[in-house]
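This note's numbering puts the sequence shown at residues 55 to 296.
The beta-carbon is built from N, C-alpha and C at its ideal position, and this holds for glycine as well.
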Amino acid sequence: MRIYVAEDYKDMSRQAAAILSAQVILYPNSVLGLATGSTPVGMYQELIDRCNRGEVDFSQVRTVNLDEYIGLPSTHPQSYHHFMQSNFFNHINIDFSQIYFPDGMAKDLEDECRRYDECITNLGGVDIQVLGMGHNGHIGFNEPAEFFTVETHVVALQESTRVANARFFDCKEEVPGQAITMGIGSIMQAEKILVIVNGSDKAKAVQAAFAGPVTPQVPASVLQLHRNVILVGDREALNGLL
Ligand code: F6R
Numbered sequence: 055m056r057i058y059v060a061e062d063y064k065d066m067s068r069q070a071a072a073i074l075s076a077q078v079i080l081y082p083n084s085v086l087g088l089a090t091g092s093t094p095v096g097m098y099q100e101l102i103d104r105c106n107r108g109e110v111d112f113s114q115v116r117t118v119n120l121d122e123y124i125g126l127p128s129t130h131p132q133s134y135h136h137f138m139q140s141n142f143f144n145h146i147n148i149d150f151s152q153i154y155f156p157d158g159m160a161k162d163l164e165d166e167c168r169r170y171d172e173c174i175t176n177l178g179g180v181d182i183q184v185l186g187m188g189h190n191g192h193i194g195f196n197e198p199a200e201f202f203t204v205e206t207h208v209v210a211l212q213e214s215t216r217v218a219n220a221r222f223f224d225c226k227e228e229v230p231g232q233a234i235t236m237g238i239g240s241i242m243q244a245e246k247i248l249v250i251v252n253g254s255d256k257a258k259a260v261q262a263a264f265a266g267p268v269t270p271q272v273p274a275s276v277l278q279l280h281r282n283v284i285l286v287g288d289r290e291a292l293n294g295l296l
């Protein structure tokens with residue numbers, strides 16, 4: 055694993071954007087695995103700026119997102135689809151037909167999970183997967199569990215995750231209780247993984263994930279088994295590793 059220490063959130067965002075830009079410049083039709091949440095917002099903004107300056111061209115990339123809430127249509131302001139449109143896709147020269155999400159409104163959710171894994175396989179797999187990390191060590195919506203779930207699946211969100219995500223909704227009760235997430239196996243199959251973390255509140259999770267045992271109780275700890283992980287974090291988040 056390579057660790058890049060950033061001075062602050064802006065620096066983390068800039069360093070992460072530089073890595074993704076390099077991927078797209080070198081391999082213009084890359085499959086980018088993308089995340090939502092607060093952490094990547096600055097990175098997306100930096101990528102938008104680079105695109106607007108003509109430094110990076112997204113016209114051939116394909117994207118797959120990690121997860122989506124169940125029960126929210128893609129137009130819902132808190133759906134992850136909507137988040138990606140407003141924070142990234144609407145501002146770059148991406149081909150909207152090449153953006154892929156799990157469908158949280160699908161009638162048959164099991165079927166939808168299989169479809170999504172097939173979709174990723176048909177794209178040729180993910181070239182670089184961006185991950186944020188939850189306070190409990192979750193990646194995507196793979197919450198602490200007794201075992202690692204390999205494939206895309208339906209999850210019940212932990213109370214702590216719903217509380218953490220309530221900031222985007224009017225109240226905690228509005229946060230959906232379930233989501234579809236890429237599984238640990240789907241994530242681990244990515245060619246490269248770019249983990250971004252910032253803030254002292256993430257320090258314990260980062261330390262447990264990268265300096266503790268590999269265990270499904272800390273889902274991100276599985277990344278220790280991946281051959282090509284790049285961790286970009288600010289000093290506060292990386293405190294326990296430095
Ligand atoms: C989002 C996702 C989540 C977040 C994690 C951190 O697509 O998969 O695992 O990356 O919850 O969220 P933030 O960045 O808001 O702290």
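| query | result |
| --- | --- |
| For R168, the nearest candidate out of S140, V208, A60 and F264 (CA to CA) | V208 |
| Closest by C-alpha distance to V283, when choosing among M236, L185, P273 and P156 | L185 |
| For E122: DSSP bridge partner residues | I234 |
| Heavy atom of ligand 1 within 7 Å of A72 beta-carbon | no |
| Which residues DSSP lists as bridging Q183, in chain order | G87 and I247 |
| Bridge partners - Y154, DSSP secondary structure assignment | V118 |
| Which residues DSSP lists as bridging L285, in chain order | I57 and V249 |
| Residue from M236, T235, R216 and I234 whose Cα sits closest to the Cα of E227 | R216 |
| Option nearest N176 by Cα separation, candidates L292, R116 and L80 | R116 |
| Enclosing alpha helix (DSSP H) for A76 [first to last residue] | Y63 to L80 |
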